[in-house]
Structures are given as structure tokens and as C-alpha cells.
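Asker: With this note's numbering applied, the sequence shown covers 16 to 324. Where a beta carbon is used, it is the ideal one built from N, C-alpha and C, also for glycine.
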Amino acid sequence: MKRTLTALALTAVLAGLGLGCRKPKTVDTSVTAKELMATADKQMKQGKFNDARITLRHLEQYLPGSAEFPKAKLMLGDSFFFQGSPSFPEAEVEYSSFLNYFPRHESRDYAMYHRALCHFSSIESAERDQAETRKALDGFRQLLAESPGSPYAAEARAKILQCWRRLAEHELIVSIFYVNVYYYPGAERRLKNLLETYPDYVDRERAYYYLGEAMRQRLLSGEEIVQFGKDFLVKIKKAEFKDLTKEEIAQYNKDLEAFGADHVKDFRAEAKNYYQKLVESYPGSEWARKAADRLITMGTSGVKEELDS
Numbered sequence: 016m017k018r019t020l021t022a023l024a025l026t027a028v029l030a031g032l033g034l035g036c037r038k039p040k041t042v043d044t045s046v047t048a049k050e051l052m053a054t055a056d057k058q059m060k061q062g063k064f065n066d067a068r069i070t071l072r073h074l075e076q077y078l079p080g081s082a083e084f085p086k087a088k089l090m091l092g093d094s095f096f097f098q099g100s101p102s103f104p105e106a107e108v109e110y111s112s113f114l115n116y117f118p119r120h121e122s123r124d125y126a127m128y129h130r131a132l133c134h135f136s137s138i139e140s141a142e143r144d145q146a147e148t149r150k151a152l153d154g155f156r157q158l159l160a161e162s163p164g165s166p167y168a169a170e171a172r173a174k175i176l177q178c179w180r181r182l183a184e185h186e187l188i189v190s191i192f193y194v195n196v197y198y199y200p201g202a203e204r205r206l207k208n209l210l211e212t213y214p215d216y217v218d219r220e221r222a223y224y225y226l227g228e229a230m231r232q233r234l235l236s237g238e239e240i241v242q243f244g245k246d247f248l249v250k251i252k253k254a255e256f257k258d259l260t261k262e263e264i265a266q267y268n269k270d271l272e273a274f275g276a277d278h279v280k281d282f283r284a285e286a287k288n289y290y291q292k293l294v295e296s297y298p299g300s301e302w303a304r305k306a307a308d309r310l311i312t313m314g315t316s317g318v319k320e321e322l323d324s
């Protein structure tokens, strides 16, 4: 038994040595960089993108000092970008690699534009996360900042407008969702930020209407009640609510009720203001008609009785 194990061990060692002694695969280094680029270019035109990548990787690995190396790096990105079923993440990696290798290359604007296009082409619907939209926006803006005279500048500007519109639509959809699930404080914050951040791209009809809806139904939020409690404790110089007397608890409840009533009154006035803006700014629209109905139910006709002074 011992002799058998020894023989097996020896066989394993010899097998390992045999594998270790195999000659490495030879690489043809006689082909020039120009010849490789010509081959890769032909393969790209024929739609043989995988073959082109093999050729370009060969040049990348064995001829990194050649004059053709920058073009090969750029073409690697193109091979992923323009293939039948584009692989934008891989194309983005290759364009970024080119920009890292050649930060001042004459084709830098081409790489920046196509890298941004990789993100633009991966943008989700307005209901989904907009991380790719923001990356695309950053990429196009970088191109305009660094190469304002680029032949890709006009297209970049057009894409930037589309990105802003998509971001504005996303914020509006999320805000409407908040209204529909009764999260009115969140809807208020989001809609007001939307109007401030995207004034030229937002659908103001829907934004005004749903901001009116949020403020029409808004009550004090949990955060606002907590903050009121903290302020009350500071005012009466007490550390915690458990330290309050019966009289102080009664005063707290009274003050909170008044605080809430004042804020609800302000919320309702703000709702009327947004409905009124909608009726005056977009007369005849579907959303304006809905806003007018809300104003009637809230005790305001929505029709001016006097001219502005």
C-alpha cells in the first residue's frame, strides 16, 4: 500500500513537471501596428467586432508605444458602442481608459461625447432611478466646458436639455406619488424644489395642481410636532416632558393646538394660491379646470373681482 502511494505521488510530480515544461503559446510580433490597425478597421467595417477587439487587444498589449496605440484604445470603445447589441458599460470603460491615457489628445472631445452617450443611452424611464441621467448630464457639460468649439457641442447641448427634462419629470412623478400616498410634507418639499431647480423644464400645470393638492390636505408633520415640543421645553426651561406639571402639560396641548391651527390655515391659503396661479396662467387647460373646482370647494371662485392695483 505504501509503495502504491509513493508511485502515485511520483506520477503526480512528474505530471506537474510535464505541465510546467510546456512551451508558452508563441505570439507573432512581426506584424506592425499599422497592419494591425488596418486589420481591425476592416473587421469593424465588416461587423466582426469580437475579431476586431482581439486584434486591438494584441496591439494594446504588445505595441503600446506605437503611434497607432491611441487610435486602438479609442476603437476599442467604438467596438462595444457600435456593435449590433451595444454594450454601453464596457464602451464607457474603454472611453474612460482612453481619456486617462491621453488627457490632451485631439480626439478627447470624441471620447468625452461618446462616454456621455453611453450613460445617455442607458437612461431609465422617468419612473425609475435617474443615476445614468445625471452621469450623462455631467458628461455633456464637461464636454462643453473643456471643448466648447467641438463639432459635438451642438448635440451635447440638445442632449443636456433632454436630461434636464427627464430629471424634472422624474421629480414630478415622485412628488405625485407622495401626494397619492398622503405624504404631503414630502410632496411639498419635492415640488417646491422642482419649481426652483428646474424652472425652464418642469410641467408647471401639474406641479401647481399637485402642490395645491398637497397644501390643501397638509397637516403638521411628525418632525414639526417634535420640534415644537423641543421649543416648548426650552421656553419653560425644562429638560424632558416627564418633568412637566399638569398645568404645563395643559399649556403644551393648548399651544400645540393653536400652533397647528395657524399652520393649517397657512397651508390652505398656500393651496389656494397655487390653484389660482394655475387658473390664471393656463386658462382653459384640464388642470386649470380641476384647480377651479378646488377653489370653489374651498370657498374661492377663482375669478378676479377687481383689477390688480
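Going by DSSP in three states, R37 sits in which element: helix, strand or coil?
Answerer: Annotation note: pLDDT 47 at R37 (below 50); position unreliable, no value reported.
Asker: Only counting runs of 4 or more residues, tell me where the alpha helix (DSSP H) segments fall wholly within the segment 272-320, in order along the chain.
Answerer: Correct list: 301-312.
Asker: Do you know how far the Cα of W179 is from the Cα of I191?
Answerer: If you take the alpha carbons of I191 and W179, they lie about 18 Å apart.
Asker: Hey, how far is the Cα of L210 from the Cα of V241?
Answerer: Looking at the two C-alpha atoms, the distance is approximately 28 Å.
Asker: Are three or more beta carbon pairs between the segment 259-269 and the segment 296-306 nearer than 8 Å?
Answerer: Contact between the segment 259-269 and the segment 296-306 is absent, because fewer than three Cβ pairs lie under 8 Å.
Asker: Considering G244, what are the terminal residues of the alpha helix (DSSP H) in which it resides?
Answerer: It spans G237 to I251 - the alpha helix (DSSP H) in which G244 sits, taken as one unbroken run.
Asker: Of the residues S140, S102, K253 and V196, which one's Cα is nearest the Cα of H129?
Answerer: It is S102.
Asker: From G237 to V217, what does the alpha carbon distance come to, in whole angstroms?
Answerer: Distance between the alpha carbons of G237 and V217 is about 29 Å.
Asker: Report the rounded CA-to-CA distance for R172 versus E203, giving the unit in angstroms.
Answerer: Each residue's alpha carbon lies about 31 Å from the other.
Asker: Helix or strand or just coil, what does DSSP make of I188?
Answerer: Looking at I188 - three-state DSSP - the assignment turns out to be helix.
Asker: I believe K74 touches M52 by the beta-carbon criterion, under 8 Å. Please report the beta-carbon distance rounded to the nearest angstrom.
Answerer: Inspection of the sequence shows that residue 74 is occupied by Leu rather than by Lys. Indeed they touch by this definition, with Cβ atoms about 7 Å apart.
Asker: Check V46 in the structure and name its three-state DSSP category.
Answerer: V46: coil per DSSP, three-state reduction.
Asker: May I ask which residues mark the beginning and end of the alpha helix (DSSP H) holding R68?
Answerer: First-last of the alpha helix (DSSP H) with R68: F64 to Y77.
Asker: Quick one, are the C-beta atoms of Q232 and Y199 less than 8 Å apart?
Answerer: Cβ distance < 8 Å, so Q232 and Y199 count as in contact.
Asker: In the DSSP assignment, find the alpha helix (DSSP H) that holds S94 and state where it starts and stops.
Answerer: First-last of the alpha helix (DSSP H) with S94: F84 to F96.
Asker: Just to confirm before moving on: does the CB-CB distance between R181 and Y193 stay below 8 Å?
Answerer: Cβ distance not < 8 Å, so R181 and Y193 don't count as in contact.
Asker: With a cut-off of 8 Å on the beta carbons, I'd call F256 and D270 a contact; round off their distance for me.
Answerer: Their Cβ separation, rounded to whole angstroms, is 13 Å, which puts F256 and D270 out of contact at 8 Å.
Asker: Under 6 Å Cβ to Cβ from Y290, same chain only, skipping five residues before and after it: list those, please.
Answerer: For Y290, where only same-chain residues beyond five positions count, the Cβ hits under 6 Å are G227, A306, R309 and L310.
Asker: Taking the CB atoms as reference points, tell me whether A168 and Y213 lie closer together than 8 Å.
Answerer: It is not a contact, given that the beta carbons lie outside the stated cut-off.
Asker: Only counting the same chain, and skipping five residues up and downstream in sequence, which positions put a Cβ closer than 7 Å to that of Y224?
Answerer: Result list for Y224: L293, W302, K305 and A306, in chain order.
Asker: Kindly give me the distance between the Cβ atoms of E83 and F95, rounded to whole angstroms, as I take these residues to be in contact under 8 Å.
Answerer: Actually they do not touch by this definition, with Cβ atoms about 19 Å apart.
Asker: Between A131 and G154, which are expected to be in contact by the criterion C-beta below 8 Å, what is the C-beta distance as a whole number of angstroms?
Answerer: Their Cβ separation, rounded to whole angstroms, is 3 Å, which keeps A131 and G154 in contact under 8 Å.
Asker: Could you check which residue in A106, V279, G314 and H185 has the C-alpha nearest to that of H134?
Answerer: Ranking A106, V279, G314 and H185 by Cα distance to H134 puts A106 first.
Asker: Roughly how many whole angstroms lie between the Cα atoms of E121 and D93?
Answerer: Taking the straight line from one Cα to the other gives about 17 Å.
Asker: Cα separation between K38 and A141?
Answerer: Because K38 carries a pLDDT of 46, less than 50, the predicted location of this residue cannot be relied on, and the following value inherits that uncertainty. Between K38 and A141, the C-alpha separation is close to 56 Å.
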